[in-house]
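Since the structure comes first, as structure tokens, the remarks are kept for the end.
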Amino acid sequence: MSSVVLDVEHNDVHSHDDHHEHHGNFWTNYVFSYDHKVIAKQYLISGILWAIIGGGLSLLFRIQLGFPEANLEWLRPLLGDWITESGKMDTTFYLAAVTMHGTIMVFFVLTAGLSGTFSNFLIPLQIGARDMASGFMNMLSYWLFALASVIMLASLFTSTGPASGGWVIYPPLSALPQAVSGSGIGMTLWLVSMVFFIASSLLGSINYISTVINLRTAGMSFAKMPLTIWSFFITAVIGILSFPVLFAAALLLVFDRSFGTSFYLSDIYIQGELLEHSGGSPILFQHLFWFLGHPEVYIVLLPALGLTSEVISTNSRKPIFGYRAMIGSMLGIAFLSFIVWAHHMFVSGMNPFLGTIFMFLTLIIAVPSAVKAFNYITTLFRGNIVFTPAMLFSIGLVSLFISGGVTGIILGNSALDIQLHDTYFVVAHFHLVMGSAAFFGMMAGVYHWFPKMFGKMMNSGLGYVHFWLTFLGAYMVFFPMHYIGIAGFPRRYYSFTNFDAFSTFADLNAFISIAAIVTVTGQFIFIFNFFWSMFRGKNAPLNPWGSNTLEWTTPRKPGHGNWPGALPIVYRWPYDYSKPDADKDGFGDFIPQDVPLSKTMESNTDEERVLAQLDSDLQKLGEEREKNPFI
Amino acid sequence: MTTALLIATGIILIVAVLALVYRIINLVGIAKEDSNKVTFSNKINGALFPILLVVGLGLIYWSYNDASQYFLPEAASIHGKETDALFNITLGVVFAAFVVTHLLLFTFPFFFQYSEKRKADFYPHNDKLEIAWTAVPAIVMAVLVIFGWRAWADITAPASDSALQVELMGKQFAWEIRYPGKDLKLGKYDVANIDNTNSMGIDFDDVNANDDFMAREIVLPVGKEVELKIRAIDVIHSVFLPHFRVKMDAVPGMPTRFKFTPSITTSEMRTKTNNPKFNYELACTEVCGYGHFGMRRIVKIVSQAEYDEWLMKQKSWLEKNPDYMATWEAKKAEKDAVAQAR
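Protein sequence lines correspond, in order, to chains V and X.
UniProt numbering numbers the first residue of the first sequence as 1 and each following residue consecutively.
UniProt numbering numbers the first residue of the second sequence as 1 and each following residue consecutively.
Spelled out as structure tokens, the structure:
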């Protein structure tokens, strides 16, 4: 590992290895780079590739659900034996597709692709650091993720198929190879992949936390940090506290699968054979899984909310409303996320008293969530709103966050959950509040920070088309799912035609599938725009959105170390937009964080004037002391 | 629904055309080297939000009315009616929150879109406002928690001693159904007893099991409390009786239970739904393998008299399998011998 030297005067951590990086070869500059910006791009490109695979799988099972009687022989070149002789999709492949879609989207796209990209990219840039606390660990974190990706990808091509017990991999289904074909080598690869993924996630999170705590530039107190950094910081803490529990759960599952233990297994008679497992409980796994699984919702969502806070404030040309309340609500959500996990288990057979407790705690989480939604809306109030694609995606996120969030109030009520649990109502809820909202946050982030990532502008027109298509598409796919959920449609069904009660919404299912095909296909507008703009886009101005945060004070394409000279010093919070009398101080509708308060006496608030005066007095005193040491 | 499909597809196309229009406008802006300036597309985007609000709320109103005829019919259990009422109240509350927030979220972009002549407000916080919108959701949640807790407590309370016990056992990919005989007591079971004949592993050393019988359909008397005793033998399944608002996982090694009181007979529901072929159904809602979607059983709710008549016709499992006790004794002797040898 590289040695690190602390330059106290400039609060500057600089790695000796950085010098080698400047003059490194292709491998050290672009593949095994220590530079947080390169690693962020690696995460982003990987996330996009995974999104194509995960989205593609969703199209396959939506085709099955929308058109259950259709002949799918035309998919044989892609799916081979997964299309049966009668031209139908194989039922085991259907389950595998559903499982892998969930796994890929939750972990590989929305955790690694979103949090990995923007935590890496923005933390050093927005807190005024040269890089992450450990560049080596950061590089290792990405390559462990890449290894996890390769293993998970390999599982798609095993003869018995990938894991197919749902992304929650509940045992005994996941523990018994004879239970379902995907519980063989596919499940083993799933578990091995997740081990590497968790290791990657932990390395990343440790780095984010230590960087935020230790490497903030002069003046960047916690009270002056952008909400993006707060969200990444809190997300990293959640990850560190919850992922190890999933690791433990997976480890015990491996023991049950391979070494004859019975942590999760008891009284099993399967395939004509009585197994010698006794004394275990599948419910134990569910508790352990959801101890990660529920915070995972916020590991995915909080960074998206952080990015949105920044984008909405910048493009409304207003301070984010209730900065402290936003931080408080994120902390509240993070804390509560650890004590609501069993609302996923109201009908698992656990003690009903626990159901009461978890219903109470679950509904409390609506309060900080409501605070966030109201604060976003109030930020728009009397703003001067510029609709960049990033801004559109941010407003879209708030809408989806509200729509998906309010249905959570229904599901969090244990008595109502009895009817709705494991139906499409749940699918609609989490796809809106977590899946789509986080995806929109990711898109907002890409459109907003693309100029800083690649030194180029993305095409706004294509961005608008992309947004409206995706926004309408998200609602057209997921809103009707509430209806079929209320009708009781269970999730993960290959076909609904067996049941009279569930066969009434065939047309609506077809509609959802068509909307999904249009929406997913529409994402190629973004992919084209992304890669085209990367090479052919217009050169980006230094600060294209008129933003206050420190990343926009770097060169157009910052090198390793981010700032060529000394690190910037922070004097103010990041949301000084449209301050009264800023014009008189020579500023327009924004004052960057590195502008001293003493330069903006007209536009300072009363409190800031006092601080500016103190600063000014101290500066004068210092100067006089230099002249006369006896003062 | 086909109409819905066409309308929705039309809306997508209209929006796509609108988007393309301001794509062209944007390109014109680029041609004029005007790209740094906020262009006309800002106005279009600002206007599209309130348009979407009006069109969206209209679509929600229309689609809900259209789709609600296909929702599950009136709950056919006593607690189901209570939870449906709670669901409707909660839905009303959250829909109001949804409408109010979206009214603001989608009109502010129109009213406060960019203008060179205007400067945004510097409005970083308002403590009273923030306290208000923290307190209001908290109070609403508290009320919902109280109602929810009361319903949950009623639903999950132990069944009365007079409740009819019925055992449901999930396995890949079917449900097995067992009733107590005349003694009204279900006999014990053990997975170790399962064989080709005794698929539920009934323990015939327990005298209570001697008159137990298995059925192909679940038949229940209306108005009588029923306690479902639920278990599984391979993987997790989940008992779902949608019309009765009943759901409970079937977990290997951990028996579960759910009590409910059917309130509408099958024939009454056939009249209500105007569907002579209507049947209540039992489904599985916990993914359990490739046949998950096929775990269907019919549930019949009948009058007490019809139920008594049906009950009289049922033969106990042992009556249907008269040779089994010989096998049972032989297996038992074999087990005892193995145990003694150890």
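Every residue, glycine too, gets a C-beta built ideally from N, C-alpha and C.
Minimum Cβ-Cβ distance from residue i to chain V less than 9 Å
| i | result |
| --- | --- |
| X/S35 | Confidence at X/S35 is low in this model, with a pLDDT of 49, below 50, so its placement is unreliable and no value can be given for it. |
| X/R296 | yes |
| X/F213 | no |
| X/E56 | The residue you asked about is not Glu; residue 56 of chain X is Gly in the sequence shown. Taking Cβ atoms only, chain V reaches closer than 9 Å to X/G56, which makes this a yes. |
| residue 369 of chain X | The requested residue 369 of chain X is not part of the displayed model; chain X covers only 1 to 342. |
| X/R245 | yes |
| X/R118 | yes |
| X/N45 | yes |
| X/V338 | no |
| X/L314 | The sequence given here has Gln at residue 314 of chain X, not Leu. With 9 Å as the cut-off, X/Q314 does not count as an interface residue toward chain V. |
| X/A330 | no |
| X/D206 | no |
| X/T327 | no |
Chain-ordered neighbours of residue i on chain V, where CB pairs are closer than 8 Å
| i | result |
| --- | --- |
| X/S115 | N384 |
| X/I301 | In chain order: nothing, as chain V lies at least about 14 Å away. |
| X/D249 | V347, S348 and G349 |
Cβ neighbour criterion (16 or more within 10 Å) applied to residue i
| i | result |
| --- | --- |
| V/D576 | buried |
| V/V427 | buried |
| V/R536 | exposed |
| V/L78 | exposed |
| V/A223 | exposed |
| X/E33 | The predicted model places X/E33 with a pLDDT of 47, which falls under 50 and marks its position as unreliable, so this point remains unresolved. |
| V/L542 | exposed |
| V/F478 | buried |
| residue 635 of chain V | Given that chain V is displayed from residue 1 to residue 631, the structure contains no residue 635 of chain V and the question cannot be resolved. |
| V/W74 | exposed |
| V/E21 | Residue placement at V/E21 is poorly supported in this model, since its pLDDT is 47, which falls under 50; the coordinates still yield a value, given next. It counts as buried. |
Neighbour list for residue i in chain X, Cβ cutoff strictly below 7 Å
| i | result |
| --- | --- |
| V/P580 | F122 |
| V/A163 | Those do not exist, as V/A163 stays about 12 Å from chain X at its closest Cβ, beyond 7 Å. |
| V/A325 | E130 |
| residue 632 of chain V | The structure shown does not extend to residue 632 of chain V, since chain V spans only 1 to 631, so no value can be given for it. |
| V/T92 | Y290 |
| V/Y269 | V191, I194, I233 and D234 |
Contact list for residue i against chain X, beta-carbon separation under 9 Å
| i | result |
| --- | --- |
| V/Q593 | Within chain X, no residue comes near V/Q593; the closest Cβ sits about 15 Å away, beyond 9 Å. |
Proximity test, Cβ basis, 9 Å: residue i and chain X
| i | result |
| --- | --- |
| V/N413 | yes |
| V/P172 | yes |
| V/W468 | yes |
| V/T378 | yes |
| V/N498 | yes |
| V/D615 | no |
| V/L288 | no |
| V/H421 | yes |
| V/L508 | yes |
| V/R317 | yes |
| V/L95 | yes |
| V/N207 | no |
| V/A179 | yes |
| residue 634 of chain V | There is simply no residue 634 of chain V to check, as chain V begins at 1 and stops at 631 in what is shown. |
Beta-carbon separation (whole angstroms), residue i vs residue j, contact threshold 8 Å
| i | j | result |
| --- | --- | --- |
| X/A76 | X/F244 | 5 Å |
| V/I127 | V/I234 | With a Cβ gap of about 15 Å, V/I127 and V/I234 do not count as contacting. |
| X/F260 | X/H79 | 6 Å |
| X/L228 | X/F258 | 5 Å |
| V/L420 | V/I409 | With 8 Å as the limit, V/L420 and V/I409 do not qualify as a contact, their Cβ atoms being about 12 Å apart. |
| X/M214 | X/R270 | Not confirmed; about 26 Å, so no contact. |
| V/A250 | X/I155 | Rounded, the Cβ-Cβ distance is 34 Å, inconsistent with contact. |
| V/R257 | V/A175 | 5 Å |
| X/N42 | V/L392 | Their Cβ separation, rounded to whole angstroms, is 11 Å, which puts X/N42 and V/L392 out of contact at 8 Å. |
| X/D249 | X/I236 | 6 Å |
| V/G349 | X/T256 | 4 Å |
Partner residues on chain X for residue i, Cβ-Cβ distance less than 8 Å
| i | result |
| --- | --- |
| V/M359 | V145, G148, W149 and W152 |
| V/L274 | V191, A192 and I194 |
*Kindly confirm or deny that the segment 300-313 of chain V and the segment 206-219 of chain V touch, where touching means at least three C-beta pairs closer than 8 Å.*
Judged by Cβ distances under 8 Å, the segment 300-313 of chain V makes no contact with the segment 206-219 of chain V, as fewer than three pairs qualify.
_Below 8 Å, how does it come out for the segment 397-410 of chain V and the segment 431-448 of chain V: are there three or more Cβ pairs, yes or no?_
Yes: the two stretches touch, three or more of their Cβ pairs being nearer than 8 Å.
*With contact counted as at least three CB pairs below 8 Å, one residue from each stretch, are the segment 538-557 of chain V and the segment 440-458 of chain V in contact?*
yes
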